[in-house]
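To start, the structure itself, in C-alpha coordinates.
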Amino acid sequence: MKSSIYGYQKLAAFVILSASLLFISCSKDETTVGPNSSSNNNGSNSDAGSAYFTFKVDGVAMDFLQYNPTGFYYATNGGTYISGREGGFTYPDFDLGFPGKTTGTFTESSGGWVNYTDANNVDYYYEPSTCTITVTKYGAVGDYIVGTFSATKNSSTNTVSITEGRFSVIRTY
28 MKSSIYGYQK
38 LAAFVILSAS
48 LLFISCSKDE
58 TTVGPNSSSN
68 NNGSNSDAGS
78 AYFTFKVDGV
88 AMDFLQYNPT
98 GFYYATNGGT
108 YISGREGGFT
118 YPDFDLGFPG
128 KTTGTFTESS
138 GGWVNYTDAN
148 NVDYYYEPST
158 CTITVTKYGA
168 VGDYIVGTFS
178 ATKNSSTNTV
188 SITEGRFSVI
198 RTY
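Okay, so the sequence shown: first residue is 28 according to my numbering, each after it adds one.
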(Lines of atoms letter the chains of each structure in order from A; the text may use other names.)
(Lines give C-alpha, C1' and ligand atoms only; values in the text may rest on other atoms or scores of the structure.)
Protein backbone atom coordinates (compact mmCIF):
# COMPACT_ATOMS: atom_id res chain seq x y z
CA MET A 28 0.00 0.00 0.00
CA LYS A 29 2.85 2.33 0.85
CA SER A 30 4.41 1.93 -2.63
CA SER A 31 1.11 2.73 -4.41
CA ILE A 32 0.69 5.94 -2.37
CA TYR A 33 4.28 6.84 -3.20
CA GLY A 34 3.52 6.19 -6.91
CA TYR A 35 0.46 8.48 -6.78
CA GLN A 36 2.54 11.19 -5.10
CA LYS A 37 5.13 10.97 -7.87
CA LEU A 38 2.38 11.09 -10.50
CA ALA A 39 0.70 14.07 -8.78
CA ALA A 40 4.03 15.90 -8.49
CA PHE A 41 4.74 15.25 -12.18
CA VAL A 42 1.29 16.54 -13.23
CA ILE A 43 1.66 19.68 -11.07
CA LEU A 44 5.17 20.33 -12.39
CA SER A 45 4.06 19.81 -16.01
CA ALA A 46 1.06 22.11 -15.59
CA SER A 47 3.25 24.77 -13.95
CA LEU A 48 5.74 24.66 -16.80
CA LEU A 49 2.93 24.88 -19.33
CA PHE A 50 1.47 28.01 -17.72
CA ILE A 51 4.87 29.62 -17.21
CA SER A 52 5.91 29.07 -20.82
CA CYS A 53 2.60 30.30 -22.24
CA SER A 54 2.37 34.05 -22.15
CA LYS A 55 0.94 36.73 -24.37
CA ASP A 56 2.84 36.85 -27.65
CA GLU A 57 4.84 39.98 -28.25
CA THR A 58 4.37 41.59 -31.63
CA THR A 59 7.63 41.99 -33.47
CA VAL A 60 7.54 43.96 -36.68
CA GLY A 61 10.45 43.95 -39.04
CA PRO A 62 11.91 42.27 -42.04
CA ASN A 63 12.53 39.01 -40.19
CA SER A 64 9.18 38.81 -38.39
CA SER A 65 5.96 37.20 -39.50
CA SER A 66 3.92 40.31 -38.70
CA ASN A 67 3.05 42.73 -41.45
CA ASN A 68 1.88 45.55 -39.18
CA ASN A 69 -1.72 44.38 -39.64
CA GLY A 70 -1.63 45.42 -43.28
CA SER A 71 -0.89 49.03 -42.41
CA ASN A 72 1.34 50.90 -44.80
CA SER A 73 1.87 53.76 -42.38
CA ASP A 74 5.53 53.24 -41.56
CA ALA A 75 8.51 50.95 -41.77
CA GLY A 76 7.76 47.49 -40.52
CA SER A 77 5.92 46.13 -43.53
CA ALA A 78 6.90 45.95 -47.16
CA TYR A 79 4.85 47.86 -49.72
CA PHE A 80 5.30 49.60 -53.06
CA THR A 81 2.14 51.38 -54.19
CA PHE A 82 1.21 54.33 -56.40
CA LYS A 83 -1.41 55.56 -58.87
CA VAL A 84 -0.95 55.94 -62.61
CA ASP A 85 -3.44 58.47 -63.96
CA GLY A 86 -5.60 57.79 -60.90
CA VAL A 87 -5.52 53.97 -61.19
CA ALA A 88 -4.05 52.24 -58.12
CA MET A 89 -1.00 50.03 -58.65
CA ASP A 90 0.43 47.68 -56.02
CA PHE A 91 3.81 46.19 -56.80
CA LEU A 92 4.13 44.14 -53.60
CA GLN A 93 3.50 40.92 -55.53
CA TYR A 94 6.65 41.71 -57.51
CA ASN A 95 8.82 41.46 -54.40
CA PRO A 96 10.23 45.00 -54.50
CA THR A 97 13.71 45.49 -53.09
CA GLY A 98 16.15 48.31 -52.57
CA PHE A 99 19.92 48.41 -52.60
CA TYR A 100 22.87 50.77 -52.58
CA TYR A 101 24.90 50.44 -55.75
CA ALA A 102 28.44 51.42 -54.77
CA THR A 103 29.71 51.62 -58.37
CA ASN A 104 27.54 54.62 -59.18
CA GLY A 105 26.98 55.81 -55.60
CA GLY A 106 23.21 55.60 -55.72
CA THR A 107 20.26 53.74 -54.26
CA TYR A 108 18.07 51.72 -56.59
CA ILE A 109 14.56 50.46 -55.78
CA SER A 110 13.02 47.97 -58.17
CA GLY A 111 9.44 46.83 -58.54
CA ARG A 112 10.16 44.36 -61.30
CA GLU A 113 8.95 40.81 -60.93
CA GLY A 114 12.22 39.41 -62.23
CA GLY A 115 13.91 39.03 -65.55
CA PHE A 116 12.32 41.26 -68.16
CA THR A 117 8.66 41.01 -67.19
CA TYR A 118 6.20 43.90 -67.24
CA PRO A 119 4.87 46.03 -65.67
CA ASP A 120 8.09 47.39 -64.22
CA PHE A 121 8.74 50.32 -61.92
CA ASP A 122 12.12 51.56 -60.76
CA LEU A 123 13.31 54.63 -58.93
CA GLY A 124 16.65 55.84 -57.72
CA PHE A 125 18.46 58.63 -55.95
CA PRO A 126 22.06 59.54 -55.11
CA GLY A 127 23.72 58.27 -51.95
CA LYS A 128 22.34 56.17 -49.13
CA THR A 129 20.56 58.69 -46.97
CA THR A 130 17.22 60.32 -46.24
CA GLY A 131 16.16 63.48 -48.03
CA THR A 132 14.18 64.82 -50.97
CA PHE A 133 15.45 64.16 -54.49
CA THR A 134 14.22 65.57 -57.80
CA GLU A 135 15.48 64.96 -61.33
CA SER A 136 17.68 68.04 -61.03
CA SER A 137 19.31 66.58 -57.88
CA GLY A 138 19.80 63.08 -59.29
CA GLY A 139 16.46 61.41 -58.52
CA TRP A 140 14.78 59.38 -61.25
CA VAL A 141 11.66 57.30 -61.85
CA ASN A 142 11.08 54.85 -64.73
CA TYR A 143 7.80 53.12 -65.44
CA THR A 144 6.99 50.45 -68.04
CA ASP A 145 3.34 49.47 -68.31
CA ALA A 146 1.88 45.98 -68.82
CA ASN A 147 1.99 46.51 -72.61
CA ASN A 148 5.76 47.15 -72.50
CA VAL A 149 5.39 50.90 -73.14
CA ASP A 150 8.30 52.77 -71.53
CA TYR A 151 7.71 56.08 -69.74
CA TYR A 152 11.16 57.56 -69.33
CA TYR A 153 11.46 60.14 -72.09
CA GLU A 154 12.31 63.79 -71.40
CA PRO A 155 10.96 66.15 -70.34
CA SER A 156 9.71 64.56 -67.16
CA THR A 157 9.60 65.36 -63.47
CA CYS A 158 9.88 63.40 -60.25
CA THR A 159 10.12 63.97 -56.54
CA ILE A 160 11.31 61.22 -54.19
CA THR A 161 11.29 61.78 -50.43
CA VAL A 162 13.16 59.18 -48.36
CA THR A 163 12.14 59.25 -44.68
CA LYS A 164 14.07 56.18 -43.48
CA TYR A 165 17.22 54.57 -44.83
CA GLY A 166 18.03 51.44 -42.88
CA ALA A 167 21.08 49.21 -42.87
CA VAL A 168 21.19 46.05 -44.98
CA GLY A 169 18.25 43.87 -43.87
CA ASP A 170 16.24 46.88 -42.67
CA TYR A 171 13.82 49.12 -44.58
CA ILE A 172 14.12 52.01 -47.00
CA VAL A 173 10.91 54.06 -46.69
CA GLY A 174 9.57 57.04 -48.60
CA THR A 175 7.12 58.65 -51.00
CA PHE A 176 7.29 59.69 -54.64
CA SER A 177 5.42 61.34 -57.50
CA ALA A 178 6.26 61.92 -61.15
CA THR A 179 5.08 62.97 -64.56
CA LYS A 180 6.54 60.59 -67.13
CA ASN A 181 6.46 60.52 -70.93
CA SER A 182 6.47 57.73 -73.49
CA SER A 183 7.13 58.44 -77.14
CA THR A 184 3.40 59.25 -77.57
CA ASN A 185 1.79 59.69 -74.14
CA THR A 186 2.23 61.26 -70.71
CA VAL A 187 1.22 59.67 -67.39
CA SER A 188 0.86 61.18 -63.95
CA ILE A 189 2.23 59.05 -61.10
CA THR A 190 0.80 60.13 -57.74
CA GLU A 191 0.47 58.91 -54.15
CA GLY A 192 3.60 56.77 -54.47
CA ARG A 193 4.75 55.08 -51.27
CA PHE A 194 7.40 52.47 -50.65
CA SER A 195 8.83 50.48 -47.79
CA VAL A 196 11.27 47.90 -49.12
CA ILE A 197 13.92 45.76 -47.52
CA ARG A 198 17.45 46.89 -48.32
CA THR A 199 19.21 43.84 -49.72
CA TYR A 200 22.73 45.35 -49.94
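Yeah, the Cβ is synthetic: ideal placement off N, Cα and C, and Gly gets one too.
- Cβ atoms of T97 and I197 come within 8 angstroms of each other, at about 6 angstroms.
- Put simply, the backbone Cα of T186 is about 21 angstroms away from that of F91.
- In this structure, F194 sits away from V168, with a CB-CB distance that is not shorter than 8 angstroms.
- DSSP places T107 in the uninterrupted beta strand (DSSP E) bounded by G106 to S110.
- For S177, the three-state secondary structure derived from DSSP is strand.
- Proximity of the region 98-106 to the region 77-88 falls short of the contact definition, fewer than three beta-carbon pairs being nearer than 8 angstroms.
- Annotated as distal: T190 and F80, with beta-carbon spacing of 8 angstroms or more.
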